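Residue numbers (this note's numbering): 4 to 134. Take a look at the structure below.
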Amino acid sequence: MNTTKQPVLLTKEDHATIMYYLRNQSVLNAADRQSANALQQELKRARLMDENQLPPGMVRLGSRIKVRDKETNALMELKIVTPGQANWKEKKISVLSPLGTALIGFCAGVTVNWMMPAGEKLFLIEEVNNE
């Protein structure tokens with residue numbers, strides 16, 4: 004669960020896409036299914052916007068991001084994708100993965116606190132590219 008109090012901001016299109024996967028969990032792998040409940044809770048407090056209203060630097064589907072693990076200081080460069088596009092070797096993570104669920108809807112500069120399979124983690128979103 005995310006303990007960050009900032010609102011989750013999503014485009015209406017991203018919200019609809021994510022909801023499709025949450026309603027059709029049979030298309031998900033086991034790891035993504037585990038994160039689905041946490042993401043459903045996050046979506047309850049999400050503010051939905053048209054794409055042109057979304058502030059720059061928000062993590063959304065298709066975002067290329069640089070995120071730092073605050074405990075290990077490791078910097079990861081990732082792309083947030085739908086479950087069927089996820090490929091760790093290509094640094095593409097599912098929006099329904101634990102890390103994807105933690106980051107979606109937040110902006111560059113935000114530190115997100117999230118319960119991961121290995122325990123609670125802090126991640127700093129350093130950069131977001133939505134081109």
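Glycine included, every Cβ here is placed at the ideal spot set by N, Cα and C. Computed from a predicted structure; not experimentally measured.
Helix, strand or coil at residue i according to DSSP, with G and I counted as helix
{"i": "K47", "result": "helix"}
{"i": "R26", "result": "helix"}
{"i": "E1", "result": "With the chain represented from 4 up to 134, any question about residue 1 goes unanswered, as that position is not in the structure."}
{"i": "S97", "result": "strand"}
{"i": "L42", "result": "helix"}
{"i": "E16", "result": "helix"}
{"i": "K73", "result": "coil"}
{"i": "N116", "result": "strand"}
{"i": "N133", "result": "coil"}
Cut-off 8 Å between Cβ atoms - residues of its own chain near residue i, not counting five sequence neighbours on either side
{"i": "T114", "result": "T7, K73, L125, F126, L127 and I128"}
{"i": "E45", "result": "N5, V11, T104, I107 and G108"}
Alpha carbon of residue i to alpha carbon of residue j, nearest angstrom
{"i": "H18", "j": "M61", "result": "14 Å"}
{"i": "E130", "j": "N76", "result": "15 Å"}
{"i": "I68", "j": "R26", "result": "27 Å"}
{"i": "P59", "j": "S38", "result": "26 Å"}
{"i": "Q43", "j": "N55", "result": "24 Å"}
{"i": "M118", "j": "N40", "result": "12 Å"}
{"i": "G122", "j": "K47", "result": "23 Å"}
Cutoff 7 Å; reference residue i; Cβ partners in own chain excluding five residues on either side
{"i": "T20", "result": "L64 and T85"}
{"i": "P120", "result": "P101"}
Exposure label - residue i; buried when at least 16 CB within 10 Å
{"i": "G108", "result": "buried"}
{"i": "P101", "result": "buried"}
{"i": "A89", "result": "buried"}
Beta-carbon spacing of residue i, residue j below 9 Å
{"i": "L81", "j": "K95", "result": "yes"}
{"i": "I83", "j": "G112", "result": "no"}
{"i": "L99", "j": "Y24", "result": "yes"}
Close beta carbons around residue i, own chain, < 6 Å, minus the five adjacent residues each side
{"i": "N133", "result": "S66"}
{"i": "R71", "result": "L78, L127 and E129"}
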